[in-house]
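Trainee: Okay, so the sequence shown: first residue is 10 according to this note's numbering, each after it adds one.
Pasting in a structure now, in structure tokens, and then I'll have a few things to ask.
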Amino acid sequence: MDAVTKAARRAQIAKDVAAARRDQQGVALSKLEIVEKLNELPAFAIVGADKSFVPLQVQDAAGETTVHDVAVIWTEPQEAQAALAQARAQRPDAAIGTLPLGKAFALCEGWAQAAGASRFRLQAHSKVFPLFLCEELSTDECMPIFLSRAEMVATWEEAMQRSGGRLNPPDKLTVLDLRLLVARMQQGGIQDWSVVKFVGTDRAYAMVEEGQRQETERPPPLE
């Protein structure tokens with residue numbers, strides 16, 4: 010093989026490698042695409058009789074300074090119910106409203122606006138909003154991301170029972186902050202973010218269903 014042929018072959022190999030790397034490069038998701046994926050999960054907020062957000066007084070991330078007039082949004086229904094009891098002391102008409110998590114995240118990040126408040130906070134148990142990933146549950150077609158570690162373990166156990174595998178907790182567990190995940194999804198990378206599937210908790214979906222039932226049973230307003 011002469012030098013010219015060798016050079017041409019090396020150039021073709023380099024071209025093939027570059028093409029393979031491009032194929033492996035995950036496409037960045039737009040804000041709208043991320044919001045649509047997050048919208049698969051419910052979120053909860055305190056609203057008034059007119060369905061507008063009710064601003065609350067909350068502490069800052071360090072728990073030191075009180076921040077006024079913030080519309081707080083939760084993914085944990087029990088936390089929203091606890092806040093409702095306090096809000097009704099000042100707003101007897103206060104109730105728990107539901108909205109998609111994607112819309113809630115967009116409000117908190119300034120991607121969208123809503124009536125009743127100008128500042129929004131997505132409330133979590135800690136300074137970060139934890140999400141749980143399990144590599145052993147992921148496939149090329151679906152990468153489930155859980156809001157609850159308990160839900161992730163339950164899904165793992167169900168999958169293992171169906172396949173006859175081991176019931177021990179998964180070995181490769183990743184905890185990732187929601188905002189960090191969203192930043193990565195906007196950047197692309199080697200991960201195909203289009204296959205992400207967010208998984209909520211049964212209690213959150215149950216609260217949404219209960220709210221819908223109460224809404225249908227509510228008598229129509231008097232004309």
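C-beta: ideal position from N, C-alpha, C; glycine also.
Rounded to whole angstroms, what's the CA-CA distance from V63 to L116? Just pull it up for me.
Mentor: Numbered from its first residue, the sequence shown carries residue 63 at position 54. Numbered from its first residue, the sequence shown carries residue 116 at position 107. Whole-angstrom Cα-Cα distance: 14 Å.
Trainee: List in chain order: all unbroken alpha helix (DSSP H) runs of 4+ residues lying wholly within the region 114-195.
Mentor: You should have 158-172.
Trainee: Can you tell me whether K206 is helix, strand or coil according to DSSP?
Mentor: Counted from its first residue, the sequence shown places residue 206 at position 197. K206 falls in the strand class under three-state DSSP.
Trainee: Would you check if there are 3 or more beta carbon pairs closer than 8 Å linking the region 35-46 to the region 79-93?
Mentor: no
Trainee: Just to confirm, is the Cβ distance from F141 to F155 under 8 Å?
Mentor: As a first step, residue 141 must be located in the sequence shown, where it is residue number 132. As a first step, residue 155 must be located in the sequence shown, where it is residue number 146. Cβ distance < 8 Å, so F141 and F155 count as in contact.
Trainee: With distances taken from CA atoms, which of E219, V56 and F114 is nearest L190?
Mentor: What you label residue 190 is simply residue 181 of the sequence shown in a count that begins at 1. Looking at the Cα atoms, F114 is the closest of the given residues.
Trainee: Using the three-state DSSP reduction, which class does P225 fall into: helix, strand or coil?
Mentor: Position 216 of the sequence shown holds residue 225. The sequence given here has Thr at residue 225, not Pro. Note: T225 maps to helix in three-state DSSP.
Trainee: Suppose you measure from the CA of E160 to the CA of G197; what does that come to, to the nearest Å?
Mentor: As a first step, residue 160 is located in the sequence shown; it is residue number 151 there, counting from the start. As a first step, residue 197 is located in the sequence shown; it is residue number 188 there, counting from the start. Distance between the alpha carbons of E160 and G197 is about 27 Å.
Trainee: Taking C-beta to C-beta, are V208 and M152 nearer than 8 Å?
Mentor: Counting from one through the sequence shown, the residue named residue 208 turns up at place 199. Counting from one through the sequence shown, the residue named residue 152 turns up at place 143. Contact: no.
Trainee: What separation, rounded to the nearest whole angstrom, lies between the Cα atoms of L182 and C143?
Mentor: Looking up residue 182 in the sequence shown gives position 173. Looking up residue 143 in the sequence shown gives position 134. Those two C-alpha atoms are separated by around 5 Å.
Trainee: Do you know how far the Cα of R97 is from the Cα of A213?
Mentor: Position 204 of the sequence shown holds residue 213. Position 88 of the sequence shown holds residue 97. Using only the alpha carbons, I get a separation of about 21 Å.
Trainee: Could you pull the start and end residues of the beta strand (DSSP E) that V56 belongs to?
Mentor: The residue given as residue 56 occupies position 47 in the sequence shown. P51 to V56 is the extent of the beta strand (DSSP E) around V56.
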